[in-house]
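Peer 1:
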Amino acid sequence: MSLTLQHFPKAQEAKLPFYGDYKNLYIGDTVSSTKDDPVAPLTSGFFRAEAGAKTTSTYTYFEVKLVVEGDLIVSDGTGQKVNAVAGDVLYFPKGATITFESKNGGAAFYVGQRAQKFE
Numbered sequence: 320m321s322l323t324l325q326h327f328p329k330a331q332e333a334k335l336p337f338y339g340d341y342k343n344l345y346i347g348d349t350v351s352s353t354k355d356d357p358v359a360p361l362t363s364g365f366f367r368a369e370a371g372a373k374t375t376s377t378y379t380y381f382e383v384k385l386v387v388e389g390d391l392i393v394s395d396g397t398g399q400k401v402n403a404v405a406g407d408v409l410y411f412p413k414g415a416t417i418t419f420e421s422k423n424g425g426a427a428f429y430v431g432q433r434a435q436k437f438e
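At position 57 of the sequence shown the residue is numbered 376 (the numbering used here), and the sequence of numbers has no breaks.
#1: With ALA370 and LYS422 assumed to form a contact (beta carbons below 8 Å), what rounded beta-carbon distance in angstroms separates them?
#2: Take every Cβ of the stretch 404-412, pair it with every Cβ of the stretch 383-391, and state whether three or more of those distances are shorter than 8 Å.
#3: Just checking my contact of PHE337 with THR374 at CB under 8 Å: how many whole Å lie between their CB atoms?
#4: Measure the Cβ-Cβ separation of THR349 and THR377 and say whether it is below 7 Å.
#5: So, for ASP395: in the same chain, excluding its five sequence neighbours on each side, which residues have a beta-carbon less than 7 Å away from its beta-carbon?
#6: Under a Cβ-count criterion, where at least 16 other Cβ atoms within 10 Å of its own Cβ denotes burial, should ASP390 be classed as buried or exposed?
#7: If you draw a straight line from the alpha carbon of ALA372 to that of GLN399, how long is it in whole angstroms?
#8: For LYS334, which of VAL404, GLY364 and GLU382 has the nearest alpha-carbon?
#9: Identify whether GLU369 lies in helix, strand or coil by the three-state DSSP scheme.
#10: With DSSP run on the structure shown, which of helix, strand or coil describes ALA403?
#11: Using only the alpha-carbon positions, how far apart do PHE428 and LEU322 sit?
#12: Please classify ALA368 as buried or exposed, where buried requires at least 16 other C-beta atoms within 10 Å of its C-beta.
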């Protein structure tokens, strides 16, 4: 049996749903291996924050984000704070409490070690 690649043209341009009750944060999973590997799935997609947005989450899985446009101000529970811009990569270990903010708006592509949950 031959496995085939999957192609998602212009995925970055897809309309993203709101992130929970936030009206200035958006997130959408683009592709996930949940059906192929439910034990150790990888899920990727896009996260967008409008100017002035802010949210804090505690990660229950490992994740990497690549900032693809704008800026994301990211801080953790230890007090470390970075202003990430397009081209920067961020790593969030499982259990980390992370705060996202944005002065001018920004977007990131992410890959997380979790099942698909944001459609």
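Note that CB positions come from ideal geometry on N, CA and C, so glycine has one too.
Peer 2: Working from what's here:
#1: 6 Å
#2: yes
#3: Going by Cβ atoms, the distance from PHE337 to THR374 rounds to 11 Å, so no, they are not a contact pair.
#4: no
#5: ALA415, THR416 and ILE417
#6: buried
#7: 19 Å
#8: GLY364
#9: coil
#10: strand
#11: 25 Å
#12: buried
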